[in-house]
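Notes follow once the structure below has been shown.
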Amino acid sequence: MVNHEVSSDLLRGHTDTIILKLLMGGDKYGYEISKLIHSISGGEYELKEATMYSSLKRLEKNGCITSYWGEATQGGRRKYYRLTDQGRKTYLENKKNWELTKRILDRLLQEEGGHKNE
Numbered sequence: 001m002v003n004h005e006v007s008s009d010l011l012r013g014h015t016d017t018i019i020l021k022l023l024m025g026g027d028k029y030g031y032e033i034s035k036l037i038h039s040i041s042g043g044e045y046e047l048k049e050a051t052m053y054s055s056l057k058r059l060e061k062n063g064c065i066t067s068y069w070g071e072a073t074q075g076g077r078r079k080y081y082r083l084t085d086q087g088r089k090t091y092l093e094n095k096k097n098w099e100l101t102k103r104i105l106d107r108l109l110q111e112e113g114g115h116k117n118e
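This is the structure we're talking about:
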């Protein structure tokens, strides 16, 4: 059984980066972002709505994304989010930092006293 609390805690600091990555593929609305995260994670991670919208608000405030209202479809208008050049730059920086962090953690968790742990 997967412990969703642990994965949520580990991923929480990377919510902005995850959202920026998804927006690199084109404009998306909130529910679409949430469903993509759930699907891509194989159902192991579900981004809470409040967390997602806090992240979207922060990203927009920081100039990483812009938003606009789409046409009314089936009873409601959807707010879409679009990646900016700043957002693309932020994503690439965050990804680079994550890759470095992952390499360090991999080394630290595999090595013990100079010997690989099995």
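Just so it is clear: in the sequence shown, position 90 is 90 by the UniProt record's numbering, and no numbers are missing. Heads up, the beta-carbon is just placed ideally off N, CA and C, and yes, glycines get one too. Source: prediction; values computed, not measured.
Contact check, residue i vs residue j, beta carbons under 7 Å
| i | j | result |
| --- | --- | --- |
| N94 | T17 | yes |
| T73 | T84 | no |
| G63 | L20 | no |
| L11 | L22 | no |
| S39 | L47 | no |
Supposed contact pair residue j and residue i - C-beta distance, whole angstroms, cut 8 Å
| i | j | result |
| --- | --- | --- |
| Y80 | G70 | 5 Å |
| Y68 | M24 | So it is not a contact: roughly 18 Å between Cβ atoms. |
Residue i at chain D interface by Cβ criterion, 7 Å
| i | result |
| --- | --- |
| D16 | Absent from the structure is chain D; it holds one protein chain and no more. |
Alpha helix (DSSP H) runs contained entirely in the UniProt domain "Transcription regulator PadR N-terminal" (19 to 90), provided each spans 4 or more residues
Taking 4 residues as the minimum length, the alpha helix (DSSP H) runs contained wholly in the UniProt domain "Transcription regulator PadR N-terminal" (19 to 90) are 30 to 40, 49 to 61, in order along the chain.
Kindly confirm or deny that the region 45 to 63 and the region 25 to 33 touch, where touching means at least three C-beta pairs closer than 8 Å.
A contact exists between the region 45 to 63 and the region 25 to 33.
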